[in-house]
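Shown next, in structure tokens, is the structure this report addresses.
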Amino acid sequence: MIVDGAISLLRERESSTKEAIINILAENWPLTAKGLYFEIRSRKLFHVSYQAVHKTLNQLETEHVLERLGHDYRLNRHWIQHVKQFGSKLEQTYSGNGSTLKIVPGFTGTLNFKFTNYSHLCTSLVDLLRRKTLAGKEKPAVIGFFDHAFWPLEFAFRDFALLKNMVASVGEASAVIRKTSSFDSLIAHFYRLAGSRTVSIGVDHGLENDFIVQGNSIIEIRKSPETMKAMEHLYSQVSSLQDLLRVYAQNQYQAPYDFDVTIYQNKDLAKALKEKMARLSRPEEPAEPAE
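Under the working numbering, the first residue of the sequence shown carries the number 8, and numbering increases by one thereafter.
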């Protein structure tokens with residue numbers, strides 16, 4: 008159920024009539040005031056009068072937590088959506104160790120972010136590029152130079168949809184990937200399916216860190232030695248989505264990842280990296296990885 012995450016918190020302390028009503032209606036709806044009163048009594052949560060239940064129902068309806076259809080009550084769908092959005096935002100914030108890529112158009116100087124969740128890093132970068140905030144007045148096309156291709160280990164199909172939307176939004180995306188593991192080949196295949204113009208794999212771009220360019224903005228990603236070691240180990244084990252699921256089931260994706268992300272404006276470097284991409288990009292596609 009949509010509100011399971013929020014309701015699990017409420018169950019820690021079912022000490023109020025409000026919480027009891029919300030818990031019950033999360034599991035069984037719609038119910039009348041009398042039905043809710045008898046349900047609370049049957050669960051022996053605490054002693055409460057029918058008058059108190061009726062008064063609380065009026066309060067929750069006024070607060071738009073509940074909606075009434077005739078004599079029946081159920082949770083307000085707008086309130087459920089609010090709880091869902093709050094939970095999603097909270098999960099993203101904590102999974103990224105509090106790091107979020109909040110950047111205003113026309114930013115100046117250097118912005119620094121730290122990520123300890125690889126999946127959150129991947130989706131945060133794609134969402135930032137999709138919004139084209141970094142492009143300014145320049146063409147929003149995206150180019151990337153990677154050691155290993157970036158892909159969320161806690162993969163959901165909405166992540167692929169986000170990548171596809173990003174490519175459609177910026178108009179053109181290209182990548183050069185140095186490593187040639189089976190997982191890199193699989194990710195490169197996904198990049199192409201999302202609409203990327205060129206994806207070259209097994210090409211030594213000569214860069215120490217990972218770089219992404221949009222407009223005159225540079226995203227530079229540094230990995231700790233422990234992170235690089237963990238990625239080498241994981242990428243050697245994955246050649247299909249089934250392998251990724253196995254890694255997820257064994258919690259191997261929860262390695263001690265540590266990424267430092269620096270975002271800054273540098274017109275000359277952006278131009279040089281775009282020229283490097285033009286030299287290194289290979290339009291021909293290698294064979295698709297085995298299913």
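Glycine included, C-beta positions come from ideal geometry on N, C-alpha and C.
Under DSSP, the alpha helix (DSSP H) around residue i begins and ends at which residues?
| i | result |
| --- | --- |
| residue 239 | 232 to 242 |
| residue 169 | 164 to 177 |
| residue 76 | First-last for residue 76: 73 to 76, but that is the beta strand (DSSP E), not the alpha helix (DSSP H). |
| residue 190 | 189 to 200 |
| residue 82 | Per DSSP, residue 82 belongs to no alpha helix (DSSP H); it is in the beta strand (DSSP E), 79 to 82. |
| residue 254 | 248 to 256 |
Give a yes or no on whether the C-beta atoms belonging to residue i and residue j are separated by under 9 angstroms.
| i | j | result |
| --- | --- | --- |
| residue 156 | residue 208 | yes |
| residue 162 | residue 255 | yes |
| residue 210 | residue 245 | no |
| residue 174 | residue 201 | yes |
| residue 269 | residue 140 | no |
| residue 277 | residue 223 | yes |
| residue 233 | residue 271 | no |
| residue 242 | residue 188 | yes |
| residue 37 | residue 76 | yes |
Give the straight-line distance between the Cα atoms of residue i and residue j, rounded to the nearest whole angstrom.
| i | j | result |
| --- | --- | --- |
| residue 218 | residue 250 | 27 angstroms |
| residue 147 | residue 215 | 24 angstroms |
| residue 24 | residue 82 | 15 angstroms |
| residue 142 | residue 32 | 47 angstroms |
| residue 73 | residue 275 | 57 angstroms |
| residue 279 | residue 70 | 57 angstroms |
| residue 112 | residue 53 | 54 angstroms |
| residue 44 | residue 62 | 12 angstroms |
| residue 110 | residue 28 | 41 angstroms |
| residue 125 | residue 252 | 16 angstroms |
| residue 123 | residue 283 | 30 angstroms |
| residue 7 | residue 190 | Past the edges of the chain, shown from 8 to 298, lies residue 7, and the structure says nothing about it. |
| residue 79 | residue 46 | 14 angstroms |
| residue 50 | residue 127 | 41 angstroms |
| residue 199 | residue 265 | 28 angstroms |
Identify, in the order they occur along the chain, each residue of the same chain with its Cβ nearer than 8 angstroms to the Cβ of residue i, setting aside the five sequence neighbours on each side.
| i | result |
| --- | --- |
| residue 178 | 146, 147 and 148 |
| residue 287 | 183, 207, 210 and 212 |
| residue 169 | 130, 133, 134 and 137 |
| residue 60 | 24, 28, 40, 43, 44 and 47 |
Just to confirm the assignment, what range does the beta strand (DSSP E) spanning residue i have?
| i | result |
| --- | --- |
| residue 207 | 205 to 208 |
| residue 270 | 266 to 272 |
| residue 49 | Segment 40 to 50 is the alpha helix (DSSP H) holding residue 49; no beta strand (DSSP E) there. |
| residue 219 | 217 to 221 |
What residues in its chain sit with their C-beta under 7 angstroms from that of residue i, if we drop five residues either side in the sequence?
| i | result |
| --- | --- |
| residue 281 | 150 and 220 |
| residue 235 | none |
| residue 166 | 130 and 159 |
| residue 172 | 137 |
Go through its chain and collect everything with a Cβ distance to residue i's Cβ below 6 angstroms, but skip five positions before and after it.
| i | result |
| --- | --- |
| residue 229 | 216 and 267 |
| residue 197 | none |
| residue 119 | 269 |
| residue 204 | 179 and 181 |
9 angstroms is my cut-off, CB to CB: does residue i come that close to chain B?
| i | result |
| --- | --- |
| residue 235 | You won't find chain B in this structure, because it holds only one protein chain. |
Please confirm whether any heavy atom of the ligand ZN lies closer than 8 angstroms to the CB of residue i.
| i | result |
| --- | --- |
| residue 275 | Absence of the ligand ZN from the depicted structure is noted, as is the absence of any ligand whatsoever, leaving it without description. |
Margin query: Runs of 3 residues minimum, wholly inside the region 119 to 155: which ones carry the beta strand (DSSP E) assignment?
Written below: 149 to 153
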